[in-house]
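Residue numbers 77 to 235, in the working numbering, belong to the letters of the sequence shown in order.
For each residue, glycine too, the CB sits at the ideal point set by N, CA and C.
Please read all numbers here as calculations on a predicted model, not as lab measurements.
Right, one structure below, let's go through it.
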Amino acid sequence: MINVLFVCLGNICRSPMAEAILKNLLEKEGLTNQVSVDSAGIGHWHIGNPPHKGTRTILDQNKISYEGMLARQVDESDWDRFDYIIAMDTQNMEDLRSIREKNNVQVSLFMDYVDDEDFSDVPDPYFTGNFDYVYELITAGCEKLLTEIKEQQFKEEKL
Ligand code: 4NP
77 MINVLFVCLG NICRSPMAEA ILKNLLEKEG LTNQVSVDSA GIGHWHIGNP PHKGTRTILD
137 QNKISYEGML ARQVDESDWD RFDYIIAMDT QNMEDLRSIR EKNNVQVSLF MDYVDDEDFS
197 DVPDPYFTGN FDYVYELITA GCEKLLTEIK EQQFKEEKL
């Protein structure tokens, strides 16, 4: 089982959107038993809350489930439980590094999985209000991430 954790600031807009989108892709490909997905926030403000209305609306429009998803805060034990920890922006990445450094966990930036864009942060729709654009970026990134995970697993199985 490969374990993926998406991290943003509040865990109500970007990282739960990524969690729902990647889970949906995994379901379509019949890979839900091979890859598990979760999300968490750097901040504590929204612990226990469902995704933001804007995230719920765009997921509803695209018939993607977010059932049962509630915000939680990043925990040090996440470094022991996840293979990939993916930060939605550079500040989240810095905050993650200050919480815990551990070399065998791949902590990366979400935008590294999005081709054709040369900025490093997924713009925060909590502040911009643009959930549609973020949905496009996150869909593209999740597709690339899944391709990479599949390639990596294939390579490891071949070893
Ligand atoms: P997110 O957006 O990190 O994409 O979930 C935010 C949600 C809430 C806050 C900031 C960003 N907040 O300050 O409450």
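Nonlocal neighbours in the same chain, by C-beta distance under 7 Å from residue i, ignoring five residues either side
i, result
"R157", "N79"
"R176", "E152, W155"
"K99", "V113"
"I134", "F207, D208, Y211"
Span of the beta strand (DSSP E), counted from its first residue to its last, around residue i
i, result
"G117", "111-117"
"I140", "Taken as a continuous stretch (DSSP letters only), I140 belongs to no beta strand (DSSP E), as it is neither H nor E."
"Y160", "160-163"
"L185", "182-185"
"F82", "78-84"
Candidates the options, of which the one nearest residue i by Cα
i, options, result
"I123", "P92, Q137, M77", "P92"
"N87", "I162, T223, S174", "I162"
"Q137", "G217, T223, D208, K220", "D208"
"Y160", "N180, V210, H128", "N180"
"A116", "E170, E227, M164", "M164"
"R90", "Q229, L222, E232, E212", "E212"
"V183", "D171, V190, D192", "D171"
"Y189", "K178, S174, K220", "K220"
"D34", "S174, R173, C218, K178", "No answer is possible for residue 34: the residues shown for the chain start at 77 and end at 235."
Classification of residue i by the beta-carbon crowding that lies within 10 angstroms, buried from 16 upward
i, result
"A94", "buried"
"G106", "exposed"
"N168", "buried"
"T108", "exposed"
"H120", "exposed"
"V83", "buried"
"T215", "buried"
Cβ-based neighbour list, residue i, same chain, cut-off 6 Å, excluding 5 preceding and 5 following
i, result
"R132", "none"
Range covered by the alpha helix (DSSP H) that runs through residue i
i, result
"S174", "166-175"
"A147", "Looking at the DSSP string, A147 is not in any alpha helix (DSSP H), and its letter there is neither H nor E."
"I88", "First-last for I88: undefined, no H or E at that position."
"P201", "201-204"
Spatial neighbours of residue i in its chain, beta-carbon cut-off 8 Å, leaving aside the 5 residues before and after
i, result
"T166", "L185, S196, D197"
"I225", "I78, V80, V111, Y160"
Below-8 Å beta-carbon distance, residue i vs any chain C residue
i, result
"M77", "Here there is only one protein chain, and chain C is not present."
Segment contact, 8 Å Cβ cut-off, at least three pairs: the region 198-205 with the region 140-157: Pairwise C-beta distances place the region 198-205 out of contact with the region 140-157, as fewer than three of them are shorter than 8 Å.
The region 95-102 touching the region 137-149, judged by at least three CB pairs closer than 8 Å: yes
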